[in-house]
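As structure tokens, the structure follows; a few thoughts come after it.
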Amino acid sequence: MSQPVVFRPRGGVILAICAIAVCVTALVFMAVSDGLGSLARWGWPIVLVAWLAYLLYVHPRVTVTDGFVEVRNLVRTHRVPWGDVDEVDSRYALTITTRSGARIRAWAAPAPGARQALSTRREEVAGVPGEGDSRRPSDSESSLSGGAAALVRRTLETYRRQGGADLEGGTATTWNIPALVVTVALVAAALFSLA
């Protein structure tokens, strides 16, 4: 795999685009009907809703490369080298356990909801690692968590087959400071405009 593979759920992106489009329409309507002064004063709660739609549904992702798997959640990003990956699970969400025992859950790859779980057939999880009834609907590649977990497992298996070493450490966690600053600023502006 020479190019990174980015996993981001399509349904969340579509939902975010719809929410952002509604917010933009509301802002345009507010500017046209009440003027730019009113928009500058009362538009911040709408901008906050659009930002939160982006932050919750577009920003999170799982990136798989030859050297590492990167899990970008709402406010933190975890870069885990393949040598530090101990276990990959998909029970509640794609979860990567490092050799030191740290558990990293991917916001972009949650387990399926009840309806999708009930409609999952045994054949869909037959090829997943595990024995007997230990396989769950969240392991199905048609689910968000299962699809991401399968991609991570295949890449990890390739890494180990090519002689990659199991090395504890090397996982880097960084805070997404710009997202935090923008969120705090928009919350403050929204509260100020509503007060």
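In terms of the working numbering, the sequence shown is residues 521 to 715.
Glycine is no exception: its CB is placed at the ideal position from the N, C-alpha and C atoms.
Keep in mind it's a predicted model, so treat the numbers as computed, not measured.
Taking the alpha carbon of residue i as the reference point, which residue from the options has its own alpha carbon closest?
i: Val608; options: Glu677, Pro601, Thr617; result: Thr617
i: Ile697; options: Pro601, Thr597, Arg680, Ala668; result: Thr597
i: Gly684; options: Asp604, Ser713, Ala551, Phe712; result: Asp604
i: Glu695; options: Val591, Ile537, Met550; result: One detail in the question is off: residue 695 reads as Trp in this sequence, not Glu. The shortest Cα separation from Trp695 among Val591, Ile537, Met550 belongs to Val591.
i: Ala715; options: Arg561, Leu547, Ala551; result: Arg561
i: Leu614; options: Trp602, Val582, Phe549; result: Val582
i: Arg611; options: Arg680, Gln682, Ala669, Trp602; result: Ala669
i: Ile566; options: Val542, Trp602, Ala705, Arg681; result: Val542
Would you call the CB atoms of residue i and residue j closer than 8 Å?
i: Ile534; j: Ala573; result: no
i: Pro524; j: Val600; result: no
i: Trp564; j: Ala709; result: yes
i: Leu575; j: Leu594; result: yes
i: Leu559; j: Leu547; result: yes
Along the chain, where does the beta strand (DSSP E) containing residue i start, and where does it finish?
i: Arg581; result: 581-584
i: Arg592; result: 588-592
i: Arg611; result: First-last for Arg611: undefined, no H or E at that position.
i: Pro630; result: 623-630
i: Thr597; result: 596-601
If you draw a straight line from the alpha carbon of residue i to that of residue j, how long is it in whole angstroms?
i: Val702; j: Val578; result: 15 Å
i: Thr640; j: Gly531; result: Only weak support exists for where Thr640 lies, its pLDDT of 45 falling under 50; the value from the coordinates is given anyway. Computed Cα separation, rounded: 18 Å.
i: Ala634; j: Gly587; result: Interpretation of Ala634 is limited by its pLDDT of 45, a score under 50 that renders its predicted location unreliable; the figure taken from the coordinates is listed afterwards. Those two C-alpha atoms are separated by around 35 Å.
i: Ala626; j: Thr545; result: 32 Å
i: Val526; j: Asp554; result: 42 Å
i: Thr678; j: Trp571; result: 38 Å
i: Val672; j: Ser620; result: 19 Å
i: Leu700; j: Val707; result: 11 Å
i: Leu676; j: Gly690; result: 16 Å
i: Leu711; j: Ala705; result: 10 Å
i: Arg674; j: Gln682; result: 12 Å
i: Ser713; j: Phe549; result: 18 Å
i: Pro630; j: Trp602; result: 21 Å
i: Ile537; j: Ala551; result: 21 Å
Using 8 Å for Cβ pairs, my map puts residue i next to residue j. What's the rounded Cβ distance?
i: Arg528; j: Ala622; result: So it is not a contact: roughly 23 Å between Cβ atoms.
Over what stretch of residues does the alpha helix (DSSP H) that includes residue i continue unbroken?
i: Ala705; result: 697-714
i: Val569; result: 564-577
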